[in-house]
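Everything below concerns the one structure shown next.
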Amino acid sequence: MKIALHAAALAAMTLSTPAFAQEAADTDWFVYVADDESECMAISSPTRAQYFRDGTEVTANTDEPYLTVVYRPGEGAEGQVAYLGGFPFEEDGTVEATVGNSQSQLFTDDIWAWPADPDADAALVSAMRGADELRLSSSSSRGTVVVHFFSLAGFGPAVDEAASRCGG
329 MKIALHAAAL AAMTLSTPAF AQEAADTDWF VYVADDESEC MAISSPTRAQ
379 YFRDGTEVTA NTDEPYLTVV YRPGEGAEGQ VAYLGGFPFE EDGTVEATVG
429 NSQSQLFTDD IWAWPADPDA DAALVSAMRG ADELRLSSSS SRGTVVVHFF
479 SLAGFGPAVD EAASRCGG
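What the sequence shown shows, in our numbering, is residues 329 to 496, in sequence order.
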(Lines of atoms letter the chains of each structure in order from A and count residues from 1; the text may use other names and numbers.)
(Lines give C-alpha, C1' and ligand atoms only; values in the text may rest on other atoms or scores of the structure.)
Protein backbone atom coordinates (compact mmCIF):
# COMPACT_ATOMS: atom_id res chain seq x y z
CA MET A 1 0.00 0.00 0.00
CA LYS A 2 2.80 2.44 0.90
CA ILE A 3 4.49 1.79 -2.46
CA ALA A 4 1.39 2.54 -4.51
CA LEU A 5 0.64 5.74 -2.62
CA HIS A 6 4.17 7.08 -2.88
CA ALA A 7 4.47 6.10 -6.54
CA ALA A 8 1.22 7.92 -7.29
CA ALA A 9 2.41 11.01 -5.44
CA LEU A 10 5.75 11.09 -7.25
CA ALA A 11 3.98 10.67 -10.59
CA ALA A 12 1.61 13.50 -9.71
CA MET A 13 4.52 15.74 -8.82
CA THR A 14 6.06 15.35 -12.26
CA LEU A 15 2.75 16.28 -13.86
CA SER A 16 1.87 19.22 -11.62
CA THR A 17 4.90 21.37 -10.93
CA PRO A 18 2.75 24.33 -9.78
CA ALA A 19 1.91 22.25 -6.71
CA PHE A 20 5.46 22.72 -5.46
CA ALA A 21 5.93 25.53 -2.99
CA GLN A 22 8.53 28.04 -4.04
CA GLU A 23 11.99 27.10 -2.90
CA ALA A 24 14.15 29.53 -0.93
CA ALA A 25 17.70 30.07 -2.16
CA ASP A 26 19.27 28.43 0.90
CA THR A 27 17.39 25.13 0.90
CA ASP A 28 17.81 21.75 -0.71
CA TRP A 29 14.22 20.75 0.14
CA PHE A 30 10.95 21.36 -1.69
CA VAL A 31 7.36 21.09 -0.53
CA TYR A 32 4.76 19.29 -2.63
CA VAL A 33 1.07 19.85 -1.89
CA ALA A 34 -1.64 17.87 -3.70
CA ASP A 35 -4.29 20.10 -5.24
CA ASP A 36 -6.87 18.87 -2.73
CA GLU A 37 -4.34 18.97 0.16
CA SER A 38 -4.90 15.26 0.79
CA GLU A 39 -1.13 14.76 0.71
CA CYS A 40 1.84 17.01 1.37
CA MET A 41 5.50 16.16 1.48
CA ALA A 42 8.90 17.65 2.01
CA ILE A 43 11.15 16.15 -0.66
CA SER A 44 14.80 16.22 -1.65
CA SER A 45 17.28 14.36 -3.80
CA PRO A 46 20.84 13.49 -2.79
CA THR A 47 23.54 16.09 -3.13
CA ARG A 48 26.07 13.33 -3.82
CA ALA A 49 26.29 9.57 -4.16
CA GLN A 50 28.94 6.86 -3.94
CA TYR A 51 28.79 3.31 -5.27
CA PHE A 52 31.07 0.43 -4.25
CA ARG A 53 31.53 -3.12 -5.45
CA ASP A 54 33.98 -5.40 -3.63
CA GLY A 55 35.34 -2.36 -1.77
CA THR A 56 36.17 -0.42 -4.94
CA GLU A 57 34.30 2.74 -5.93
CA VAL A 58 32.42 2.26 -9.20
CA THR A 59 29.95 4.17 -11.34
CA ALA A 60 26.32 3.11 -11.45
CA ASN A 61 23.17 3.89 -13.40
CA THR A 62 20.14 4.34 -11.18
CA ASP A 63 16.82 6.07 -11.38
CA GLU A 64 16.48 9.35 -9.49
CA PRO A 65 16.52 8.76 -5.71
CA TYR A 66 14.32 10.83 -3.37
CA LEU A 67 13.79 11.23 0.33
CA THR A 68 10.38 12.37 1.51
CA VAL A 69 8.56 13.21 4.72
CA VAL A 70 4.87 12.65 4.00
CA TYR A 71 1.69 13.98 5.59
CA ARG A 72 -1.49 12.23 4.49
CA PRO A 73 -4.14 13.05 7.12
CA GLY A 74 -6.86 10.86 5.64
CA GLU A 75 -4.66 7.80 6.13
CA GLY A 76 -2.93 8.64 9.39
CA ALA A 77 0.46 9.39 7.83
CA GLU A 78 1.90 12.21 9.91
CA GLY A 79 5.58 12.72 9.17
CA GLN A 80 6.20 9.35 7.51
CA VAL A 81 9.75 9.10 6.14
CA ALA A 82 10.13 7.29 2.81
CA TYR A 83 13.27 6.74 0.75
CA LEU A 84 13.07 5.89 -2.93
CA GLY A 85 16.52 4.49 -3.60
CA GLY A 86 16.43 4.59 -7.39
CA PHE A 87 17.29 0.88 -7.64
CA PRO A 88 16.00 -2.43 -6.24
CA PHE A 89 17.36 -3.05 -2.76
CA GLU A 90 18.79 -6.43 -1.80
CA GLU A 91 16.04 -8.78 -0.66
CA ASP A 92 15.28 -8.43 3.07
CA GLY A 93 17.87 -5.65 3.25
CA THR A 94 18.01 -2.57 5.39
CA VAL A 95 19.19 0.98 4.87
CA GLU A 96 21.48 2.46 7.50
CA ALA A 97 20.58 6.09 8.21
CA THR A 98 23.31 8.17 9.82
CA VAL A 99 22.69 11.69 11.10
CA GLY A 100 25.67 13.03 13.04
CA ASN A 101 26.41 10.39 15.69
CA SER A 102 22.89 8.93 15.50
CA GLN A 103 22.11 5.78 13.52
CA SER A 104 18.83 4.09 12.65
CA GLN A 105 17.51 1.55 10.18
CA LEU A 106 15.01 1.72 7.38
CA PHE A 107 13.41 -1.47 6.12
CA THR A 108 13.24 -2.13 2.39
CA ASP A 109 10.56 -3.31 0.00
CA ASP A 110 11.76 -3.43 -3.62
CA ILE A 111 12.83 0.18 -4.39
CA TRP A 112 11.39 1.80 -1.22
CA ALA A 113 12.58 1.96 2.39
CA TRP A 114 10.91 3.21 5.59
CA PRO A 115 11.59 3.39 9.31
CA ALA A 116 9.88 0.60 11.26
CA ASP A 117 7.03 2.63 12.78
CA PRO A 118 5.77 6.16 13.50
CA ASP A 119 8.05 6.49 16.55
CA ALA A 120 11.07 5.67 14.38
CA ASP A 121 9.85 8.20 11.79
CA ALA A 122 9.60 10.88 14.49
CA ALA A 123 13.05 10.06 15.90
CA LEU A 124 14.68 10.28 12.47
CA VAL A 125 12.92 13.55 11.61
CA SER A 126 13.98 14.99 14.98
CA ALA A 127 17.61 14.00 14.41
CA MET A 128 17.55 15.47 10.90
CA ARG A 129 16.28 18.83 12.18
CA GLY A 130 19.50 19.46 14.09
CA ALA A 131 21.98 18.24 11.49
CA ASP A 132 23.62 19.29 8.26
CA GLU A 133 23.60 15.98 6.39
CA LEU A 134 21.90 12.58 6.28
CA ARG A 135 23.81 9.56 4.99
CA LEU A 136 21.81 6.56 3.70
CA SER A 137 23.80 3.38 3.03
CA SER A 138 22.34 0.22 1.50
CA SER A 139 23.01 -2.66 -0.86
CA SER A 140 21.37 -3.14 -4.22
CA SER A 141 19.94 -6.40 -5.51
CA ARG A 142 23.14 -6.67 -7.60
CA GLY A 143 25.39 -6.37 -4.56
CA THR A 144 26.49 -2.78 -5.08
CA VAL A 145 26.85 -0.75 -1.89
CA VAL A 146 25.06 2.55 -2.44
CA VAL A 147 25.62 5.62 -0.26
CA HIS A 148 23.41 8.68 -0.77
CA PHE A 149 24.11 11.94 1.03
CA PHE A 150 21.23 14.36 1.59
CA SER A 151 21.80 17.97 2.57
CA LEU A 152 19.51 19.03 5.39
CA ALA A 153 19.66 22.74 4.51
CA GLY A 154 16.06 23.93 4.72
CA PHE A 155 14.78 20.58 6.00
CA GLY A 156 13.02 21.93 9.11
CA PRO A 157 11.09 24.70 7.33
CA ALA A 158 10.07 22.32 4.51
CA VAL A 159 8.76 19.70 6.96
CA ASP A 160 6.97 22.41 8.95
CA GLU A 161 5.30 23.70 5.77
CA ALA A 162 4.18 20.21 4.72
CA ALA A 163 2.83 19.54 8.22
CA SER A 164 0.97 22.84 8.40
CA ARG A 165 -0.65 22.31 5.00
CA CYS A 166 -1.71 18.68 5.53
CA GLY A 167 -0.98 17.84 9.14
CA GLY A 168 -4.54 18.22 10.26
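Glycine residues also receive a C-beta, built at the ideal position from the N, C-alpha and C atoms. Note that the structure is a prediction, hence the values are computed from the model and not measured.
Where residue i falls, given that 16 or more other Cβ within 10 Å makes a residue buried
| i | result |
| --- | --- |
| residue 466 | buried |
| residue 449 | buried |
Coil, strand or helix - residue i by DSSP
| i | result |
| --- | --- |
| residue 437 | strand |
| residue 452 | helix |
| residue 424 | strand |
| residue 407 | strand |
| residue 457 | helix |
| residue 381 | strand |
| residue 415 | coil |
Residue i versus residue j - alpha carbon distance
| i | j | result |
| --- | --- | --- |
| residue 356 | residue 484 | 11 Å |
| residue 457 | residue 433 | 17 Å |
| residue 384 | residue 400 | 41 Å |
| residue 464 | residue 393 | 11 Å |
| residue 374 | residue 440 | 15 Å |
| residue 471 | residue 395 | 22 Å |
| residue 391 | residue 416 | 10 Å |
Bridge partners - residue i, DSSP secondary structure assignment
| i | result |
| --- | --- |
| residue 442 | 435 |
| residue 359 | 370 |
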